[in-house]
Structures are given as C-alpha cells and as structure tokens.
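First to last, the sequence lines map onto chains A and B.
Going by numbering that gives the first Met the number 0, the letters in the first sequence line up with residues 0 to 606, in that order.
Going by numbering that gives the first Met the number 0, the letters in the second sequence line up with residues 0 to 94, in that order.
Even for Gly, the Cβ is constructed at its ideal location relative to N, Cα and C.
Working notes, structure below.
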Amino acid sequence: MDVQKETMRESLLVRLLDVLSPDNATITQIKEDEAQAKADIESIGNEDPKLTEEINDCNEILTLLLGYKDSHTKLGETSVNLIDRVNRLFEGLLTYDFNKYAQESKEAYDKYEEKLAHAKDKKEQNAKRLAEANEIVSETPKKLKDEQDKIEPLNSEINKIFSGEVKYLNSERIDELLRKLDVFTEEEIALIVPAICFPDEFDFRSIYVNYNSEDKDAKKSIGSIISEANEKAALEEPMKDATKVTAVSPIKEEKEEKKPQKKEVKKVEVKEEPKEDLRNAYLEEVFGITAADIEAHGGLDASLEELKEYSEKLIAADINPMVVRVQTLNKRSIDNLIRNKEIFAEMGYPLDEMTISKNIGILDKVSGTTVAKDIAIINTSGLSLYKPSGKVAVVAVTKEPNKLRNAIKLASSIDISYFTENPEKMGSFVSEPMAHILYCQQNHINYKNAYGEFETFIENNKEWKEMYGEVGDISILPKTRDCNEALKDELPDAEFEGLIKANGIDYYISDAEVEDSQLERYHEIMEILQEINTSENSLVIEVEGNKFLSAVVNKNIISLLNGNYAINNEEILLGALVFGSHVPASAIKDIKVALNPNTRGMKIANK
Amino acid sequence: MGFLKDLDFSKDEIIAAENNVTDLIINEILDSKEIVIHNINFLKDYGVENFKEVFINFCSMFLIDPSKFANIFTKYDKQDLINKIKNNVAIVEFL
C-alpha cells in the first residue's frame with residue numbers, strides 16, 4: 000500500500016466524518032433553508048397588507064389622475080384659441096398651458112401605473128414564495144429524518160467499534176451503508192471500508208477522536224496533518240505516478256484527473272513493450288516473481304530502474320531480494336521491510352531468510368513504530384518473541400501497542416504461560432481463551448495436556464461449547480475499571496492520580512529508574528513484596544492467589560516513590576499491585592490483609 | 000473474512016482464523032484477497048486435506064506470491080508432506 004493511498008484514505012475518512020456529522024452540509028442546508036423559509040413567511044406576512052394598501056392607493060390615485068389627464072388633454076386640444084386669448088389678456092402675468100398640464104398628468108399617471116404594476120408583481124411573487132416557503136417548512140422534518148436515516152446506521156456501526164462493543168465490523172454491511180450515503184465512488188468506498196472495520200490499523204480512531212474534539216484547532220490540525228502527509232507523499236514518490244500527486248488537491252479535482260491518467264499510463268506501457276519484457280525477466284531472475292504472480296496481483300507499476308534500485312537497497316541491507324512479494328516492490332514497502340528487519344535485529348530478534356520470506360506480508364506492511372513499541376512492551380514485560388521452536392513470532396508485533404500491553408496484563412493475571420509457550424498468541428484475540436482458562440481454573444478443569452500444552456478447547460470456541468456449553472465467555476474476566484474504582488477508595492487521591500499519570504505516560508512497560516533519594520525505601524518495599532509473593536514464575540507476582548505482571552508492579556512502585564506521595568509502603572504496594580490489573584475488585588481486601596504487618600502471613604478463610 | 004465461505008470455511012472456522020491474527024493482518028488479507036484465495040485453492044487442489052487448519056494457523060503465510068507459496072510445498076514428496084501436515088499442522092512452520 001502506498002503513501003498516496005493512505006493519505007487519500009485519511010482525506011476520505013475526514014470527509015466521511017463530515018458527512019456523518021449531526022451538522023453535516025446537507026443537514027445544515029436543510030436547516031438553513033427552513034430558517035430562511037420561516038423568515039420569508041414572517042416577512043411576507045408583514046409586507047402583504049402594506050402591498051394591498053399600496054395597490055388600493057395606487058388604484059385610487061390612478062383613477063383621479065386619469066380624470067385630470069383626460070380633461071387637460073381635451074382642453075389643450077380643443078380650446079387653443081380661447082387659451083391663447085386668455086393668455087394674451089393677462090399679458091404674461093398668467094399662462095395656462097393645458098398641454099403641459101396634460102403631459103404632467105400623464106407622467107404622474109404613468110408613475111403610479113408603474114408603481115401599481117410593481118406592487119401587484121411583488122404581491123404575486125410573495126404569494127408564490129409563500130407557497131414555496133410553506134412547503135419547505137412542512138417538508139423539513141421529513142428531509143431531516145431522511146438524512147438522519149442515511150447517516151444513522153453508519154454512525155451506529157462506527158460507535159459500536161469505538162465503544163468496544165464489537166471487535167470488528169462486517170465489511171459488507173459497511174460497504175452497503177456507505178453506498179446508501181450516495182457520496183463516495185466505488186473506488187473511494189473500497190478504500191475506506193477497511194479503515195472503518197479496523198480503525199486502529201488505519202488511524203481512523205485518532206482521526207475520529209480529533210474530529211470529535213471540541214477544540215476547533217484540533218479539527219484544523221487534521222486538515223493540516225493530511226495536507227502535510229500529502230505533501231510528504233508527493234515528495235516521496237514524485238516520479239512513480241505523477242497523476243497520483245493530485246491527491247493533494249481536493250477529491251473532486253482528483254476524480255476529474257484520474258481518467259486521463261490511466262490512458263497515459265497505458266500508452267507508455269504499449270510504447271515500452273521491449274522494456275516490459277526486460278523488466279519481467281529481471282523480476283523473475285532477481286526477485287523470483289513470475290508473470291503469473293504479477294497477473295494475480297493485477298499488475299505492477301515499478302519500472303526496471305526502480306526494481307534495480309530496490310534490489311540494490313535490499314542487498315545492502317543483507318536481505319535476499321528473492322524473499323519479497325509483488326506488493327513489496329515500491330519504495331515505501333522496501334523501506335518498511337529494511338527498517339523492520341533492522342528493528343527486529345536491534346531489539347534481539349535477528350530474522351533469518353525463511354522467517355522474512357514467510358512473514359513478508361507483515362514485514363513490508365507493518366510500521367516500524369508499531370514493531371518497535373510492541374517489541375519493547377514484550378521485552379520489558381519479561382516475555383520473548385522466540386517460540387519454543389526457536390522461530391520468531393513476527394505475527395505478535397502487528398498488534399496495536401496498547402492492545403498488546405493489555406493482553407499481556409490480562410494473561411499475567413490468568414496464566415502467563417499461554418504467552419511464554421505460544422508467543423505468537425500475543426497477536427491473537429486473547430480475551431476468549433483467557434476467559435476459558437479462567438473458567439477452568441475456577442472449576443478445577445485441567446486445561447493443559449500431559450505435555451503441559453494448552454488443550455484445543457481453550458482456543459476453539461465450537462469445541463469449548465460442545466464440552467462445557469454457554470459458560471466461560473469474556474464477561475467473566477475481571478474488568479480493570481472495576482478494580483481501579485475499588486482501589487480509588489483505598490488510596491489518597493494524589494497517589495491514585497499519580498498512578499493514572501504513570502500509566503498514561505508509560506506507553507511501554509518502561510524501565511523507569513528509582514531516584515537515589517528513594518533507593519532505600521525501594522529496597523524496603525521490595526523486601527515486603529518478596530515476603531508476600533508466592534509466585535514461582537519471575538514474570539508474575541502472586542499475592543493471595545492474585546497474579547500481577549512483575550514489570551508493571553515494579554514500574555508502578557517506582558512511579559509512586561518518585562512522586563513523593565505522603566503514603567506508607569503498604570499503600571504504595573497496594574496501588575502498585577492492583578492499579579490497572581485484571582484481578583477482581585474483591586482481591587483488594589485479601590491483598591490488604593497480606594500487606595498489613597499485623598496480619599501478614601495469616602491464612603485467609605475460605606480461600 | 001467473509002470470502003472464506005466460498006472456500007468451504009464454516010462460520011466458526013472463519014471466526015477462529017480472525018481471532019488468531021491482528022486487525023492489521025486481517026486487513027492485509029482482505030486487501031490481497033485474490034492472492035489468498037489463489038493460495039488456499041492451491042493447497043486444497045494439492046491434496047492438503049486440512050488446508051483450512053493450515054490457513055487458520057498460518058494466515059499471514061498466505062500473503063506470499065502464488066509461485067513462492069507453491070514452492071514451499073512442492074519441494075517435498077507430495078504424499079509424505081500431505082500426511083505429515085495432516086498429522087501435525089505445526090510442521091508447516093518448518094517447511
């Protein structure tokens with residue numbers, strides 16, 4: 000997948016959020032139209048009586064003027080001699096010009112006639128507009144409902160995934176709902192469906208969060224981020240497909256420019272047929288990619304020169320070009336692959352050729368940032384990506400880091416050996432097998448075979464249901480939220496806030512260091528911990544049957560010590576153990592008993 | 000991964016495959032659906048009876064180009080390989 004595609008997708012997602020917004024352009028327009036219609040109705044209501052009055056006045060005046068005009072004209076025409084005599088009699092003292100009066104009367108008449116026509120016209124227009132406005136007002140609720148009906152189902156689906164109600168969405172359903180919006184083209188729909196179904200893999204969640212932020216600047220920043228990304232994309236692959244750079248431009252423009260582009264590409268291909276042969280020969284010889292492979296992918300854009308460049312880069316990075324797939328053959332994927340191989344090696348997992356080859360669909364795709372964060376989480380948790388077979392579980396580092404961290408914490412509270420024996424499972428949906436294991440533990444069911452391997456019913460839901468029925472679903476897993484809530488009542492606010500802060504900042508399960516001034520106290524706390532810990536596995540700490548990931552507990556202790564809160568060692572330990580863990584809230588009581596110097600070591604009844 | 004229905008996967012098997020990998024891989028599989036279908040069909044036609052189990056356990060491997068995917072399997076004695084995969088799907092990791 001190339002940068003342009005990603006940035007295009009981001010633009011489309013922002014556009015989608017615009018469309019799904021409760022004040023989207025259409026809804027806003029409908030509301031504005033209604034407001035305008037209401038204003039018009041009111042204005043016409045005020046104006047109409049005045050117009051009627053004006054029309055009546057005009058009619059009256061016109062009747063009057065018509066009399067003057069006619070009489071003056073008549074006098075002017077028929078009494079010329081008489082008038083002439085009268086005028087002469089008064090010798091200029093008084094002049095009667097009936098023609099002039101007739102002309103003035105006519106002008107006044109015409110003026111009022113025009114005024115009357117205008118008033119009548121205006122009244123007619125008002126009547127027409129009033130009918131339209133009334134129709135707009137009466138249709139508004141339906142129009143709003145229609146628009147809501149169009150966007151609501153998609154909003155509802157999106158809310159489901161962001162609220163965690165569902166793990167993923169049905170792509171066919173999303174596709175159908177996007178079509179109903181009647182806003183996006185086929186190509187655009189194909190591009191955004193996966194992002195909606197899997198929001199964390201396409202940054203849709205962050206786009207969504209930013210978009211819905213109250214801070215208008217944040218909204219602006221999405222635009223600027225996308226714009227920057229577009230610029231970056233344009234800079235990164237300027238020659239590959241010049242037309243795609245238009246992704247920087249508004250979507251409409253891009254659509255207009257797409258068709259001629261395709262034609263151009265085709266022309267080049269026809270002209271350079273011999274080069275195409277050379278390229279295909281090179282692909283097969285250097286990358287082991289056949290014409291059938293390319294056909295199966297629907298073509299390959301890279302030129303011979305680019306392929307040579309990729310090959311050189313791979314060899315320089317000590318990667319056999321034969322391991323790549325067709326989709327790797329673009330600048331971004333080649334760089335991704337090289338970077339990821341380096342990250343794996345730097346963080347303790349050098350990858351052999353076979354591993355790269357079999358995981359090429361991951362290594363050329365997953366971002367180096369995710370890989371680095373995931374490996375850091377795994378390493379600092381005390382876990383390893385090495386399977387018992389000696390192979391590296393590459394698949395585990397494709398998980399969104401926060402999800403991975405939570406999965407590890409969950410497994411540590413239930414049975415961490417699920418991950419130590421099967422590190423590839425760190426990349427799986429772990430809640431269900433964990434719920435099955437917990438159910439087995441609670442009901443004394445052996446969930447491991449004679450060789451210590453997990454029974455298949457742990458992962459196979461169908462098998463599980465056949466054996467145990469509708470029990471042991473993920474609702475039995477203790478919720479960290481409940482545990483944290485209960486802990487809140489046990490600790491001073493400042494300490495609790497400190498834990499939240501430490502948890503938020505600490506994206507990795509970090510190797511935080513204790514300050515020198517707190518070193519002595521740290522050792523005291525570690526001694527207490529040693530005293531109450533019954534776990535034989537160094538990865539976890541077990542207190543009264545409740546398990547916690549050692550690395551997280553240690554990090555929490557250090558954070559609380561460095562925070563200099565006015566709390567005693569026992570309180571530090573209670574917070575450090577329980578906060579963010581997956582033990583039931585009821586565990587707090589037992590842990591307090593274990594921590595209390597007076598009751599420490601005493602057995603709790605009914606355990 | 001609804002397209003798996005057309006390849007004889009049951010609803011439970013599809014869920015199992017989806018649960019076994021991250022969203023990123025599911026998305027990549029959807030993006031490269033044609034290749035994945037090609038590779039599943041190859042395995043099925045090659046005679047690997049538990050091809051669905053292979054897919055569920057090694058989803059990301061099916062993103063490899065068809066010729067390279069086929070090479071992984073065809074370099075071994077066909078019947079021997081089919082039997083071994085049938086007995087223990089985990090051996091695919093070592094091919």
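Notebook entry, point to check: So F203(A) and L12(A) are in contact, right, with Cβ under 8 Å, and what is the actual spacing, rounded?
Noted result: That pair is a contact at about 6 Å.
Note to self: To the nearest angstrom, how far is the alpha carbon of N459(A) from that of S516(A)?
What the structure shows: 52 Å
Check: Mind checking if I361(A) is an interface residue toward chain B, Cβ cutoff 7 Å exclusive?
Finding: yes
Item checked: Beta-bridge partners of L573(A), as assigned by DSSP -> In DSSP, L573(A) forms no bridge with anything.
Next item on the list: Look at C482(A) and A584(A) and say whether their C-beta atoms are less than 7 Å apart.
Entry: yes
Notebook entry, point to check: If you follow the beta strand (DSSP E) that F93(B) is part of, which residue opens it and which one closes it?
Noted result: First-last for F93(B): undefined, no H or E at that position.
Margin query: According to DSSP, E541(A) sits in a beta bridge with which residue or residues?
Written below: K546(A)
Item checked: Own chain, CB closer than 8 Å to I90(B), minus 5 neighbours either side, in chain order -> K83 and I84
Next item on the list: Can you give me the start and stop residues for the alpha helix (DSSP H) that R204(A) sits inside?
Entry: F203 to Y210
Check: What in chain B is Cβ-close to V325(A), meaning under 7 Å?
Finding: D64
Check: For E17(B), which three-state DSSP category applies?
Finding: helix
Notebook entry, point to check: Does DSSP put Y75(B) in a helix, in a strand, or in coil?
Noted result: Of the three classes helix, strand and coil, the one that applies to Y75(B) here is coil, per DSSP.
Margin query: Using a Cβ-Cβ distance cut-off of 7 Å, determine whether I34(B) contacts chain A.
Written below: yes
Check: For Y438(A), which of helix, strand or coil comes out of DSSP?
Finding: helix
Check: Within 7 Å (strictly less), CB to CB, does G451(A) reach chain B?
Finding: no
Next item on the list: Please check if any C-beta of chain E sits within less than 7 Å of the C-beta of I84(B).
Entry: Going by chain labels, chain E is absent from the structure shown, which instead holds the protein chains A and B.
Notebook entry, point to check: Whose C-alpha, out of G451(A), H522(A), N329(A) and F495(A), is nearest the C-alpha of G562(A)?
Noted result: Closest option to G562(A), Cα to Cα, is F495(A).
Checklist line | Span of the alpha helix (DSSP H) around C482(A) | finding: T479 to K487
Next item on the list: Leaving aside the five residues before and after S220(A) along the sequence, list all residues of the same chain whose C-beta is less than 6 Å from its C-beta, in chain order.
Entry: Reliability of the predicted coordinates at S220(A) is poor, the pLDDT of 35 falling under 50, and the value obtained from them is presented with this limitation in mind. Contacts found: none.
Checklist line | Euclidean distance between Cα positions of Y167(A) and N18(B) | finding: 11 Å
Check: Bridge partners of V391(A), per DSSP?
Finding: The partner list for V391(A) (beta bridge, DSSP) reads Y385(A).
Notebook entry, point to check: Near Y385(A), what residues of its chain come up, given a Cβ to Cβ distance below 8 Å and the 5 sequence neighbours on each side ignored?
Noted result: Excluding sequence positions up to five before and after Y385(A), its CB lies within less than 8 Å of the CB of Y348, V391, A392 and P422, all in the same chain and listed in chain order.
Next item on the list: Give every residue of the same chain whose Cβ lies closer than 6 Å to the Cβ of V20(B), excluding the five residues on either side of it in the sequence, and list them in chain order.
Entry: C58
Next item on the list: Please report the Cβ distance between N56(B) and V88(B), rounded to the nearest whole angstrom; I am assuming they are in contact, meaning their Cβ atoms lie under 8 Å.
Entry: 6 Å
Notebook entry, point to check: Taking 7 Å as the CB-CB limit, is K179(A) close to chain B?
Noted result: For K179(A), the answer is no, since every Cβ of chain B falls outside 7 Å of its Cβ.
Check: Going along the chain, which residues of the region 154-173 of chain A sit with their C-beta nearer than 9 Å to a C-beta in chain B?
Finding: K166, Y167, N169, S170 and E171
Checklist line | Stretch-stretch touch, CB-based, cutoff 8 Å, three pairs: the region 154-168 of chain A with the region 192-212 of chain A | finding: yes
Margin query: According to DSSP, simplified to helix, strand and coil, what is F183(A)?
Written below: coil
Next item on the list: Can you give me the start and stop residues for the alpha helix (DSSP H) that F418(A) sits inside?
Entry: S416 to E420
Next item on the list: Compare the C-beta of A19(B) against all C-beta atoms of chain A and say whether one is closer than 7 Å.
Entry: Before going on, a small fix: residue 19(B) reads as Asn here, not Ala. With 7 Å as the cut-off, N19(B) counts as an interface residue toward chain A.
Check: Does the Cβ-Cβ distance between R324(A) and D76(B) come in under 7 Å?
Finding: Result no, Cβ atoms of R324(A) and D76(B) do not sit closer than 7 Å.
Item checked: Short Cβ contact (7 Å threshold) for A434(A) with L476(A) -> In this structure, L476(A) lies closer than 7 Å to A434(A) by Cβ.
Next item on the list: Flag P193(A) as yes if its beta-carbon sits less than 7 Å from any beta-carbon of chain B, otherwise no.
Entry: yes
Notebook entry, point to check: What do you reckon, are the CB atoms on N49(B) and E200(A) nearer than 7 Å?
Noted result: no
Notebook entry, point to check: Sorted by chain position, which residues of the same chain lie with C-beta nearer than 7 Å to I361(A)'s C-beta, five sequence neighbours on each side aside?
Noted result: V393, V394 and T397
Check: Cβ of I557(A) within 7 Å of Cβ of V513(A)?
Finding: yes
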